[in-house]
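At position 30 of the sequence shown (counting the first as 1) the number is 30 in the UniProt record's numbering, and the numbers step up by one without a gap. Data block below; observations after.
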Amino acid sequence: MEIQKIMVIGAGQMGSGIAQVCASAGFDVILHDIKEEFVNKGYHSIEKQLQRQVEKGRLTPQEKDETLQRITPSVELSNARFIDIAIEAVVEKMDVKTTLFHELDQLAPDHAILATNTSSLPITEIAAATKRPEKVIGMHFMNPVPVMKLVEIIRGLATDDEVFQNIYDLTKKLNKVPVEVNDFPGFVSNRILMPMINEAIYTVYEGVASPEAVDEVMKLGMNHPMGPLTLADFIGLDTCLFIMETLHEGFGDDKYRPCPLLRKYVKAGWLGKKTGRGFYSY
Ligand code: CAA
Ligand code: NAD
C-alpha cells in the first residue's frame, strides 16, 4: 500500500515531533488534537524547530514553508476519512486510547492502518477496540522525535505481515531505524529505562542524594547525555508514572512499584518541563 496521508492524533511533544518528521519526509499530515489551542501549540513548536534549522543553514526558508504547508491542523476526528494511516500519540491511558481507536475505526477508510505511539500499553488490547486488529500496530518513537533514530515496531497478536512491512518501510522513509520487539509491557525501551528512572527517584526519596547529585553521577560516571531525573522531567512525570503502573500491573512484580515521590509529584501537578516544575524548575 502506498502511504501518502498521515493523521497524527495528539499534538503534544510526541505528536508534534512525529508530525514534523512526517512532513519533512514529504508526507501530507493532518495534526489533530481535542482543542484548537493544543493543535496551535503543537504547530508553533514545529514552526520554531524548522526555523532553528533555517538559522543553522540546514533548511532554506522555502523548504521550511513547504514543510509547514504539508501540515493541516484539525480538531475534527472525522478528517480521518481521508487518511492512509493514523499515528496516535495521546495520553498514556488505556481507556483514552481504546475509546479513540473505537471511534477512529468507524471513521477511517477500510485500507487505513491505525498505529499507536504508546510507550508501554499492550498493542493487542488497543487493537481489540477495533474491527480491524490486523491493521493495528505499535510504532514507538523516542523523544525528541526529530533527533532520536529509534522506532520500536510492535505487532499485536493479529497484526498482518503486510501491515508490519508497510510500517517498517515507512519508518525508514522517515529516516529512522526500525527495531521489531514483542508485545510485552514497556516493550524493550521502557522495560529497561523506566525502572532506572524509578530507582533514581527512590534514591532521592530515601535521602541518599539530591536530584542534582543523582544526575551528575549518571552523566559524569556513566556518560548518559541527561541524568535520569532531568530525563524524567523531559519525558513528563505523568507519562513516567503511567508506564511504571503498566509494568507493575503487567508483570505483577513489586520491583516495578512506582516510587511514592513520583505519585506525589504527579498529584501535585508537577509533571516536569511541560508544566514548569518537576524535579527541577523551568
Ligand atoms: N526537539 C528537537 N530537536 C532538539 C530538541 C527538541 N526537543 N532538543 C535538542 N534538539 C536538537 C538540537 O537542536 C541539536 O541539534 P543539532 O545537533 O542538529 O544542532 C541536538 O538536538 C543536540 O542538542 P543540544 O546540543 O542543545 O543538547 P544536547 O547535546 O544535550 O542534546 C538531547 C539534547 C538530544 C535531548 C540529549 O540530551 C539526549 O539524547 N538526551 C536523552 C534523550 C533520551 O534518552 N530520549 C529517550 C527518552 S525515552 C523515550 O522517548 C521513550 C518513552 O516512551 C518515554
Ligand atoms: P503530551 O501530554 O505532551 O501530549 C498529549 C496530547 O494528546 C495533548 O496535546 C492532549 O491534548 C492530546 N489528547 C489527549 N486526549 C486526546 C484525544 N482523545 N484525542 C486527541 N488528542 C488528545 O504527551 P506526550 O509526551 O506527547 O505523549 C503522548 C504519547 O506518546 C503517550 O502515549 C506517551 O506514552 C507516548 N510517548 C511519550 C514519550 C515521551 O518522552 N514523552 C516518548 C515516547 C512515547
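Idealized CB from N, CA, C, for every residue including glycine.
task = Identify the continuous beta strand (DSSP E) that holds Arg155 and give its terminal residues.
result = 150-155
inquiry  = With a threshold of 8 Å, are at least 3 pairs of Cβ atoms found where one atom belongs to the stretch 257-264 and the other to the stretch 197-208?
reply    = yes
message = So Ile113 and Ile30 are supposed to be a Cβ contact under 8 Å. How far apart are they, rounded?
response = By a beta-carbon distance limit of 8 Å, Ile113 does not contact Ile30. Their separation comes to about 15 Å.
inquiry  = Beta-carbon within less than 8 Å of Met226's beta-carbon, same chain only, minus the 5 sequence neighbours each way: which residues are those?
reply    = Asp215, Lys219, Phe234
query = Where do the ends of the beta strand (DSSP E) carrying Leu31 lie?
reply = 28-32 is the span of the beta strand (DSSP E), which, as asked, contains Leu31.
ask   = Between Ile123 and Asp183, which are expected to be in contact by the criterion C-beta below 8 Å, what is the C-beta distance as a whole number of angstroms?
value = 5 Å
key: From Phe279, Val54, Asn198, residue whose alpha carbon lies closest to that of Ser210   = It is Phe279.
ask   = Exposed or buried, Gly186, counting other C-beta atoms within 10 Å across all chains shown (16 or more means buried)?
value = buried
query = To the nearest angstrom, how far is it from the Cα of Cys240 to the Cα of His44?
reply = 25 Å
task = For Glu134, collect the residues of the same chain with a Cβ closer than 7 Å to its Cβ; drop the 5 residues on either side in sequence, then sort them by chain order.
result = Ala158, Thr159, Asp160, Val163
inquiry  = Spatial neighbours of Leu107 within its chain, please: C-beta separation below 8 Å, excluding the five flanking residues on both sides.
reply    = Leu77, Ser78, Ala80, Arg81
request  = List in chain order the residues whose CB is within less than 5 Å of at least one heavy atom of the ligand CAA.
outcome  = Ser119, Met142, Asn143, Pro144, Pro146, Val147, Pro225, Met226, Ile235
query = In the structure shown, what three-state DSSP assignment does Met7 receive?
reply = strand
request  = Following the continuous alpha helix (DSSP H) through Leu241, name the residue where it begins and the one where it ends.
outcome  = Run containing Leu241: 237-251, per the alpha helix (DSSP H) assignment.
task = Following the continuous beta strand (DSSP E) through His140, name the residue where it begins and the one where it ends.
result = First-last of the beta strand (DSSP E) with His140: 136-141.
query = Does the beta-carbon distance from Ala11 to Thr67 come in below 8 Å?
reply = For the pair Ala11 and Thr67, the CB atoms are not nearer than the 8 Å cut-off.
Reduced DSSP category for Ala19 - H, G, I as helix; E, B as strand; rest coil = helix
query = What runs of the alpha helix (DSSP H), each 4 residues or longer, lie entirely inside the stretch 76-131?
reply = The stretch 76-131 contains these whole alpha helix (DSSP H) runs: 94-107, 123-127.
key: Boundaries of the beta strand (DSSP E) in which Thr72 is found, first to last residue   = 71-74
Supposed contact pair Leu229 and Ala25 - C-beta distance, whole angstroms, cut 8 Å = Actually they are not in contact, since the Cβ atoms of Ala25 and Leu229 sit about 33 Å apart, beyond 8 Å.
request  = Assuming Val145 contacts Gly17 (C-beta within less than 8 Å), just tell me the rounded distance between them.
outcome  = Val145 to Gly17, Cβ: 3 Å. Contact.
inquiry  = Suppose you measure from the CA of Ala200 to the CA of Val96; what does that come to, to the nearest Å?
reply    = Rounded to the nearest angstrom, the gap between the Cα atoms of Ala200 and Val96 is 29 Å.
request  = Express the C-alpha separation of Ala213 and Ile197 in angstroms, rounding to a whole number.
outcome  = 14 Å
request  = Compute every distance between the C-beta of Ala115 and the non-hydrogen atoms of the ligand NAD, then say whether any falls below 7 Å.
outcome  = no
query = What span of residues does the beta strand (DSSP E) with Pro178 cover, start to end?
reply = Pro178 -> beta strand (DSSP E) spans 177-181.
key: Local Cβ density within 10 Å of Lys267, reported as buried at 16 or more and exposed below that   = exposed
key: Between the CA atoms of Met94 and Leu121 - distance to the nearest angstrom   = About 7 Å.
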